[in-house]
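> Once you've had a glance at the structure underneath, I'll fire off some questions.
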Amino acid sequence: MPGDTRDVLNQTPSYGDVNLFSADAPLRGALAAFGASTDADGLAELGARWGAAERLDLGRLANAHPPILRTHDASGRRADRIEFHPAYHALMAASVTDGLHASIWDGADPSRPRARGHLARAARHYIVAGVESGHLCPMTMTSAAVAALVPAPDHLAAWLPRIASRSYDPSFRPWYEKAGVTLGMGMTEKQGGTDVRANTTRAEPTGGGTYALTGHKWFFSAPMSDGFLVLAQAPGGLTCLLVPRHRPDGTVNALHLQRLKDKLGNRSNASSEIEFDRAFGWRIGEEGRGVPTILAMVQLTRLDCAVASAGLCRMALVLALHHARHRHVFQKPLVDQPAMRRVLADLALESEAQTALACRLAAAFDRSETARTRFLTPAVKYAVCKAAPGFVYEAMEALGGNGYVEESPLPRLYREAPVNAIWEGSGTVMALDVLRAATRAPEEVVGLVAELAEEAEGLPGVREAEADIVAALQAPDAEARARFATGRLAALAAAASLATCAPPAIAEAYAATRLARERALYGANGIGAVTEVALGRALG
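This is how it looks when you write it as structure tokens:
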């Protein structure tokens, strides 16, 4: 007797109510290798919370109902407020409770703050990014902004207790009345994005280290925050200022929101254009030292970009594997079909390398390994963030049409994937930063490359990669070859990371397919018996 046409057969069950930490063997291995003191029990609890079906659905809702700008109230008065869906606020509150906005500053002395616990925070950031990445923008900027406030100890002492608080307060009132605050940032303008020295916003001194700002910002991130780090032209040159949402007397500061950006992805997060009409601000650092001041936070935001992109890829892989395990094609599970199995294993290999690389970089911040953080932060951001869109697409293709429709989380992950490669410096900017650092300290970068090669000793292609990187960075046309050198540097660092934290077969397969020869499309890389190892680890 034929079945009812309304029966649903051979469809994958919804993904949810899983422990995103306990099921992630590559992450657990990286944390064990690079940070033995990491709280595994706490991460397991976090993994269960963020893997709950209800929490995963908050990510969907926050993006299905993006923020709305209210420039004026019903009476025509300026309002300059942004309305968010309750799901967004729920995600923000959860991430603040879990310390994603400030845990590296826990217990910091405002007079001599030192960030700690980068690896532990990176693990949490990585897990949460796969659930919903848009709300992590204010988490990242709030965390990183503390580094930029160091040259202004009085302001840091006033703001740090509220930054480090585990209280999320979205109310529209002065920062000093709130138990918890978030911070945003405004650097780029219409006439120059990367070239911030072309900024035209003016900062007029008004006495006592205060300024009146007049101008605009083309991208003003997280405009609902309580304060913003802004670059503007003061009499002494480009200067960093802390611009609060409310003036010291409690009145609303003159930050006039013009519109919200209609972005490809990152839909839950508000990004705006803004005009300053003699807005109040405090100088942070010396006049003319705006770029070096704000760059103190950029290293940290770039780390978060790489970690979040690795988290996006991990979630895409998990969704592809979940589908393949439940979908039957030609009388057997899709995951057992040889062609698909090779694709999934290749994706798993790439994801494991990204996870190891991002965790090792976070550990370098904890260990104060200056050379690694200086040279590898832009390289890791370049490689992991640029790989994410292609990776997520391949995972989407594994689901076929089911992965392309909006009921699947994969279209949202795919739209989200490019942002980290663009935000905080595009790929070319990252490559040029690696080159600039190598030009300033040539012996140091050669030493780091040799150190990475030693850590990856015996893996295929390591010595060739070492020679390629040094030759490209020292070539007469080094600027033209900067992307090549940066990509090779990141791949060598990934191989070295895997050699430390993954089974030898995983490290060897990665080096053989990414260092010893030019990498092919996913599924065209022959990794042989490592397929079983890679899939076994990816499946938890």
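For the working numbering, count along the sequence shown from 1 and bump the result up by 626. All C-beta atoms in this analysis are idealised placements derived from N, C-alpha and C, irrespective of residue type, glycine included.
Does D698 come out as helix, strand or coil in the three-state DSSP assignment?
As a working note, residue 698 is residue 72 in the sequence shown. A quick correction: the sequence has His, not Asp, at residue 698. In this structure, H698 counts as strand in the three-state DSSP scheme.
> Leaving out the 5 sequence neighbours to the left and right, which residues in its chain are closer than 7 Å to F710 when beta-carbon positions are compared?
Reading the sequence shown from its first residue, position 84 is the one you call residue 710. The residues are P693.
> Along the chain, which unbroken stretches of the beta strand (DSSP E) at least 3 residues long are found entirely within the segment 690 to 776?
You should have 694 to 698, 704 to 709.
> Give every residue of the same chain whose Cβ lies closer than 6 Å to the Cβ of P1086, excluding the five residues on either side of it in the sequence, and list them in chain order.
In the sequence shown, counting from the first residue as 1, residue 1086 sits at position 460. The answer, listed in chain order, is A1137, A1138, A1142.
> Considering only the alpha carbon of each residue, which of G685, V1060, L653, I708 lies closest to E899?
Your numbering for residue 899 matches position 273 in the sequence shown. The option with the nearest alpha carbon to E899 is I708.
> If you measure between the beta carbons of V961 and R951, is that distance less than 7 Å?
As a working mapping, residue 961 is identified with position 335 in the sequence shown. As a working mapping, residue 951 is identified with position 325 in the sequence shown. The answer is yes: Cβ separation under 7 Å.
> Check the DSSP bridge columns for K1007 and list the partner residues they point to.
By one-based count along the sequence shown, residue 1007 stands at place 381. Note: K1007 sits in no beta bridge, so no partner.
> Taking DSSP as the reference, what is the three-state secondary structure of M627?
Locating residue 627 in the sequence shown gives position 1, where the first residue counts as 1. Residue placement at M627 is poorly supported in this model, since its pLDDT is 49, which falls under 50; the coordinates are not used for a value here.
> How long is the line joining the alpha carbons of K804 and M767, rounded to whole angstroms?
Walking along the sequence shown from the start, residue 804 turns up at place 178. Walking along the sequence shown from the start, residue 767 turns up at place 141. So the two alpha carbons sit approximately 18 Å from each other.
> Looking only at its own chain, which residues have a Cβ that is under 8 Å from the Cβ of V1156, when we skip the five neighbours before and after it?
On the sequence shown, position 530 is the one that residue 1156 refers to. Around V1156: A971, L975, A1131, I1132, E1134, A1135.
> If we call anything under 7 Å between Cβ atoms a contact, is T865 one with R904?
On the sequence shown, position 239 is the one that residue 865 refers to. On the sequence shown, position 278 is the one that residue 904 refers to. No, the Cβ-Cβ distance between T865 and R904 is not below 7 Å.
> Please state the DSSP three-state secondary structure of T840.
Along the sequence shown, read from residue 1 onward, the residue named residue 840 stands at position 214. Residue state, collapsed to three classes: strand.
> Touching or not, the segment 1056 to 1075 and the segment 1097 to 1107, by the rule of three or more beta carbon pairs under 8 Å?
A contact exists between the segment 1056 to 1075 and the segment 1097 to 1107.
> I need the straight-line Cα distance from G1073 to A880, nearest angstrom please.
For the purposes of this step, residue 1073 is taken as the residue at position 447 of the sequence shown. For the purposes of this step, residue 880 is taken as the residue at position 254 of the sequence shown. If you take the alpha carbons of G1073 and A880, they lie about 50 Å apart.
> Below 6 Å CB to CB, which residues in the same chain sit around A771 once its five sequence neighbours on both sides are set aside?
Translated into positions along the sequence shown, residue 771 becomes position 145. Excluding residues within five positions, the ones whose Cβ falls inside 6 Å are L809, L855, M923.
> Going by Cα to Cα distance, which pick from P1037, R704, H872 is closest to L883?
Within the sequence shown, residue 883 is the residue found at index 257, counting from 1. Considering only alpha carbons, the answer is R704.
> Give the secondary structure of F1001 by DSSP, where H, G and I count as helix, E and B as strand, and everything else as coil.
To locate residue 1001, count along the sequence shown from 1; it is residue 375. Of the three classes helix, strand and coil, the one that applies to F1001 here is helix, per DSSP.
> Give the single residue among A1108, T1054, R1038, V1075 whose Cα lies nearest to the Cα of V757.
The residue you call residue 757 lines up with position 131 of the sequence shown. When each option's Cα is compared against that of V757, the closest is R1038.
> Which residue wins for smallest C-alpha separation from R654, given the options P800, D667, R1107, L717?
As a working note, residue 654 is residue 28 in the sequence shown. The candidate whose alpha carbon is nearest that of R654 is D667.
> Report yes if the CB atom of E830 is closer than 7 Å to the CB atom of A838, and no otherwise.
Indexing the sequence shown from 1 puts residue 830 at position 204. Indexing the sequence shown from 1 puts residue 838 at position 212. Yes, Cβ-Cβ distance for E830 and A838 is below 7 Å.
> The beta strand (DSSP E) spanning P874 covers which residue range?
Mapped onto the sequence shown, residue 874 falls at position 248. No beta strand (DSSP E) holds P874; DSSP gives it neither H nor E.
> Could you name the residues of the same chain whose beta carbon sits closer than 6 Å to that of E1070, not counting the 5 residues immediately before and after it, in chain order?
Residue numbering aside, residue 1070 sits at position 444 when the sequence shown is read from its first letter. Counting only Cβ-Cβ distances below 6 Å, and skipping sequence neighbours, we find A997.
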